[in-house]
Structures are given as structure tokens and as C-alpha cells.
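Trainee:
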Amino acid sequence: MRLSRHFLPVLKESPTDAQIVSHKLMLRAGLVRQTAAGIYAWLPLGLRVLRKIEQIVREEQDRAGAIELLMPTLQSADLWRESGRYDAYGPEMLRIKDRHDRDMLYGPTNEEMITSLFRESARSYRDLPRILYHIQWKFRDEVRPRFGVMRGREFLMKDAYSFDVDEAGARHSYNRMFVSYLNTYARMGLRAIPMQADTGPIGGDLSHEFIVLAPTGESDVFYHRNWETSVAPGAVDFDDAEALQAIVSGAVADYAATDEKRDLPREAEAGADLRQSRGIEVGHIFYFGEKYSKPMGLEVQGPDGTKLTPHMGSYGIGVSRLVGAIIEASHDEAGIIWPDSVAPYAVGLINMRADDATCAAAADDLYARLQAAGVETLYDDRDERGGAKFATMDLIGLPWQIVVGPKGIAKGVVELKRRPTGEKIELSIEDAIAKVAS
RNA sequence: CGGGGCGUGGCGCAGCCCGGUAGCGCAUUAGACUGGGGGUCUAAGGGUCGCAGGUUCGAAUCCUGUCGCCCCGACCA
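So the first sequence is numbered by numbering that gives the first Met the number 0: it starts at 0 and just counts up by one.
Structure below.
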């Protein structure tokens, strides 16, 4: 994409509304614009990042055995009356009336709808287990939205729902998501630590929040220092319940808790290995048994002919929040530093001298070759001074910058800069293409 | 929902107390010079001062109401 034709409004100064670094950088780098409290428009560059994150989440869900569908944002109130949550949910639910005065709502979550959909079509225990998910916009009318997309009222969430014949089966589904989440965050360059969370009325140990460490996070967290060097499980057989359980058990063996779930004896045990930080919640998984299936009359026929009520769980990842979380975890004074996996473009190509025909021709040619090689490239072909272009590229944080200037072209070289390290090398055009294409 | 703050060109701000020509920096446009880390000069465009009432000869400024946004706290992917 040529920057001269792009819609990429960058700001030199941060709007005063933005308080935390990710919000400031998202506004300055032209990723989003606020349109109302807690509601954001995603500009072209921000949308590309959102899509990248979404795709990673999707791939890892599929790998774990979940199946994608898409449910609407607007839901009927009647559905929520079945579970009793229409009255229970409170003012965070945005309630709407249609022209026939029917009660509708903008979905804050989808347990009722997925239970209803599954109920219509699942007849037998052979239809279990299943994990269904979608990636859809949610609306929660937060009392106080803040921190940009980190706590918006409208947000993009991946929510998955599992259906199993019994609790043991549900635990396997839960573990699929648990392990999948570790891999998902790792692919985005994040280390998210699973922490024991409140399970509500069901009890047990099957609820975890996934927390990314960041000084601007909203929760205080405590963890064993082993988490500082933990690695994602990587390729695993998700159908192997025992292997998954071993991974999960291994993970939770190292202490990690938010301040409301602190376990002082375990902290004492960790001793000098205990670490404290702030954290951002980027995911939350629950097992909730028959909480929705029972009141909503979801039943399937068991192998012995009797009816059974499936055990359910739900599993959320805040996709739009992750954009902010990644920036919180990866930036410097000059701007954002995108991990390669979620960068809006892999390469920022800078033509130092748009007025120099030789230089411009070399840059145009390199741009064409990068495109031919399938490298996602943002080409700064504007007639600006080098300094302004460098500043823009550093701000928007593309992993690689290739600088084409008259001096280098005379020698047959371009400059390649790696954004995270700032390391710059001169090399031939061919080598530069090979390097960024690998 | 309790407490606090702010609404003045696209962004950052001054002016308000003490009523009288709307101003500064950045950005934008045009031209020239310049050209490897946010250039210089010259010229230009752009604002019903959130909105509605009121007081006054006169309101960005004073009064009343209202809307919006932000921050702190309790709640949350």
C-alpha cells in the first residue's frame, strides 16, 4: 500500500483524553478514533491488526477442535428470560425496543443463544462433545469505560461454548481451551499467565483468568518467578485428554493469582521466588455445568435411552482488548513495536527522496518486488523529508523498515532496520527482499 | 452510581476571576529554498468559543439549565 493513497492520520501530540500509553499510541498511530464513550472506529491500520489477532485466535481455536459459527449482535429478550438473566443482568445490558415494541438487547455474551441453538439441533449423546465459538462484537454498558479499547463498551470478543455429557468430559473441553489459550497468546508475543478465578455458584477449580503482565494493568497479580520463563505447550494432541491434563496440571503447579484470589500459604511457600506486578485480563474461561442447559431445557438422549443434560463451559478472549494489551507490552519512546505476527504490514518501505528520479524508480521497483514476493508492505512514497518518514514508521511500529536513498542506490545497497532492536544494516536489494520475506 | 475536572480551528493550549476587535504552537494549502532522524522563509485558508435560555447597549467571559468527554473509587473480556 502506498502511503500517499492510504488513510493513515498520525498525530504528533496525544489527545488529552488518552491517559495510558496504549491508548495514546493507538490514537497517534491512526489505529482508532473514539466516536462515543467506550466506542471506537477502527481505522485502516488498526483494522489490519485486529484482523491479524482475530485470525490467530481462529486458527488456534480450530486447532483445539472448536468449530466456528456466527451469532448476531442483537438478541431477543425472551431468550434471556428463559435463563432468568434478563432481569438479573442489570444496567450493563443495553436494552432496545424494535418498532413493534418488542424487547431486544445488544448481546453482552451468548450463553443463552448458543444454548438455544444447540438445543434445537442436538438430539443424542453422539452430538457431544462439541465446542462452538464465534468472534463477534459485544456491548456492555460499562459504568465507566476507560483506557481506550482496553475497557470499551463495544468490544470484539471470541467466545466459545462447550457441551459435554458429564463433568469429566467438560474438564477435557476446558483443558482444550486452557492449552489453546497459552498457544494463542504466545503467538502474539505475549506471555499470559493463567490465574485461578472465581467460579461463582458452581465451585471447583475450573475457572481461570489469563493475565498479561503490564505496569498499566488494572489488577494486582502475584506469581512464581517460573512464569517469567514459561513456554507455550506448542503442538499437542488435543484429543488426548490425559496429555492435556498433564499440561494444565503442570501449568497451575506454579503459583499465580490476582489480588482477590491470593493464597498466602502458597506465597509463603514460594518465598523469594514470589513476584508481584500489574496485569491485564485478556481471557477468562469457565466451567459452569448445567447452569444454562438445565433451566433452558437442553437435553439429549443418552446411550441407555434416558435423557441427559449437557455440562457446559464458556471461554472468552478479548480480541480488541488484545490490541491495547500488546501495545502496553511492546512499545518504546518512539512508538509501537508490533510483534511480527500481528503487525499491520511486515515492512515499511521508505523512499528518502521522492524528488530524485533514480531513487524513486529504485524504490518503486523494490516495492513491486516485495509485493510480488507476497510481503505486506507499506510504501512511504510521499514527498516528505527523511526524518518525518522515520518518525512515522517508528510510531506505527512495523517490524522492518527498508530505506532507499540516493547514497545507498549509488552503491547498490539499501538500509534495513529492525524496529524492535533498532539494528540497521546495509545490504543489497536482493538480500533485503530475502531477509524480510523469510 | 458516589467524588472531582474539562468542553475555544484537525491536535495541544491561552483568553474567562475583572464583559467590549477571538489568539498562540503544531498541523493544513500555495510558492521558493532544502533534503539520511518530525527543516527554513513568504503568503493563505480554517473557529455560530458544546447546546439552550437569561442578565446586559454589548457575553467565550456573568447566571440558570442541559448535553458530551475525562479522571479517582465500587463492577467487568
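All C-beta atoms, glycine included, are put in the ideal place defined by N, C-alpha and C. No experiment lies behind these values; they were computed from the predicted model shown.
1. To the nearest angstrom, how far is the alpha carbon of Ala28 from that of Leu10?
2. Closest to Gly89 by CA distance: which of Leu104, Asp393, Leu30 and His99 is it?
3. Classify Pro419 as helix, strand or coil using the three-state DSSP reduction.
4. By alpha-carbon positions, which one of Gly334, Ser161 and Ala367 ends up nearest to Gly376?
5. Roughly how many whole angstroms lie between the Cα atoms of Val251 and His207?
6. Let me make sure I understand the geometry here. Which of Trp136, Pro294 and Leu116 has the alpha-carbon closest to that of Tyr160?
7. Can you tell me where the alpha helix (DSSP H) with Phe389 in it begins and where it stops?
8. Please say whether Lys388 and Ile349 have beta carbons closer to each other than 8 Å?
9. Just to confirm, are Arg139 and Pro107 a CB contact at a threshold of 8 Å?
10. Is Leu365 buried or exposed, if buried means 16 or more other CB atoms sit within 10 Å of its CB?
11. Buried or exposed for Val247, please, with buried defined as at least 16 other CB atoms from any protein chain shown within 10 angstroms of its CB.
12. By how many angstroms is the C-alpha of Thr308 removed from the C-alpha of Gly296?
13. For Val208, which residues does DSSP report across the bridge?
14. Is it true that the region 301-320 meets the region 341-361, where meeting means three or more beta-carbon pairs spaced less than 8 Å apart?
15. Determine the contact status of Lys213 and Arg277, defining contact as a CB-CB distance below 8 Å.
16. Go through its chain and collect everything with a Cβ distance to Leu321's Cβ below 6 Å, but skip five positions before and after it.
17. Is the beta carbon of Gly396 sitting closer than 8 Å to the one on Arg418?
18. Roughly how far, in whole angstroms, is the beta-carbon of Thr257 from the beta-carbon of Ser292, given that I think they are within contact range, below 8 Å?
19. Using the three-state DSSP reduction, which class does Ser292 fall into: helix, strand or coil?
20. Taking 7 Å as the limit between beta carbons, can you name the residues of its chain near Asp126, skipping five residues before and five after?
21. Can you list, in chain order, the residues of its chain with a C-beta nearer than 8 Å to that of His330? Leave out the 5 residues immediately preceding and following it.
22. So what's Thr108 in DSSP terms, helix, strand or just coil?
23. Per DSSP, Glu429 forms a beta bridge with which residues?
24. What residue range does the alpha helix (DSSP H) around Leu46 cover?
25. Determine the extent of the alpha helix (DSSP H) in which Thr357 is found, giving its start and end residues.
26. For Gly278, which residues does DSSP report across the bridge?
27. I believe Gly216 touches Ile279 by the beta-carbon criterion, under 8 Å. Please report the beta-carbon distance rounded to the nearest angstrom.
28. Could you tell me which residues DSSP puts in a beta bridge with Val412?
29. DSSP beta-bridge partners for Arg374?
30. Could you check whether Val403 and Ala345 sit closer than 8 Å to each other, using their CB atoms as the reference points?
31. Count the other C-beta atoms from every protein chain shown that fall within 10 angstroms of the C-beta of Asp379, then say buried if there are 16 or more, exposed otherwise.
32. Helix, strand or coil for Ser329 per DSSP?
33. For Lys157, which beta-bridge partners are listed by DSSP?
34. Decide if the region 162-178 is in contact with the region 230-241; the criterion is three or more beta carbon pairs, one per stretch, under 8 Å apart.
35. By Cβ distance below 8 Å, which residues in the same chain neighbour Arg261 in space, the five residues on each side in sequence not counted?
36. Using the beta-carbon count (16 or more within 10 Å), is His99 buried or exposed?
Mentor: Well, looking at it:
1. So the alpha carbons of these two residues sit roughly 7 Å apart.
2. Nearest C-alpha to Gly89: Leu104.
3. Residue state, collapsed to three classes: coil.
4. Here residue 376 turns out to be Thr, not Gly, going by the sequence shown. The candidate whose alpha carbon is nearest that of Thr376 is Ala367.
5. One alpha carbon belongs to Val251, the other to His207, and they sit about 10 Å apart.
6. Considering only alpha carbons, the answer is Leu116.
7. Unbroken alpha helix (DSSP H) run through Phe389: Gly385 to Ile395.
8. In this structure, Ile349 lies near Lys388, with their beta-carbon atoms less than 8 Å apart.
9. Contact flag set, yes.
10. Buried, by the Cβ-count rule.
11. A buried status is given to Val247, since no fewer than 16 other beta-carbon atoms sit within 10 Å of its beta-carbon.
12. Rounded to the nearest angstrom, the two C-alpha atoms are 8 Å apart.
13. Per the sequence presented here, residue 208 reads as Glu, with Val not at that position. Met194 and His283, per the DSSP bridge assignment.
14. Segments in contact, no.
15. The sequence as given places Ala at residue 213; Lys does not occur at that position. Going by C-beta atoms, Ala213 is nearer than 8 Å to Arg277.
16. Answer for Leu321: Ile52 and Val281, listed in chain order.
17. Going by C-beta atoms, Gly396 is nearer than 8 Å to Arg418.
18. Actually they are not in contact, since the Cβ atoms of Thr257 and Ser292 sit about 29 Å apart, beyond 8 Å.
19. Of the three classes helix, strand and coil, the one that applies to Ser292 here is coil, per DSSP.
20. Only Val299 meet the Cβ criterion.
21. Cβ neighbours of His330 beyond the five flanking positions: Val20, Ser21, Leu24, Ile336 and Gly396.
22. Coil.
23. DSSP output for Glu429 lists no bridge partner at all.
24. Taken as a continuous stretch (DSSP letters only), the alpha helix (DSSP H) holding Leu46 covers Pro43 to Arg62.
25. For Thr357, the enclosing alpha helix (DSSP H) covers residues Ala356 to Ala371.
26. Beta-bridge pairing links Gly278 to Leu212 and Ser218.
27. About 4 Å; that satisfies the 8 Å criterion.
28. Answer is Ser427, bridged to Val412.
29. Note that residue 374 is Val in the sequence shown here, rather than Arg. Beta bridge pairing from DSSP links Val374 with no other residue.
30. By the CB criterion at 8 Å, Ala345 and Val403 fall outside the cutoff.
31. Asp379 counts as buried, since at least 16 other C-beta atoms from the protein chains shown sit within 10 angstroms of its C-beta.
32. Of the three classes helix, strand and coil, the one that applies to Ser329 here is coil, per DSSP.
33. Beta bridge pairing from DSSP links Lys157 with Ile134 and Ile316.
34. Of all C-beta pairs linking the region 162-178 to the region 230-241, three or more are shorter than 8 Å, placing the two stretches in contact.
35. So the list reads Phe221, once near-sequence residues are dropped.
36. His99 comes out exposed.
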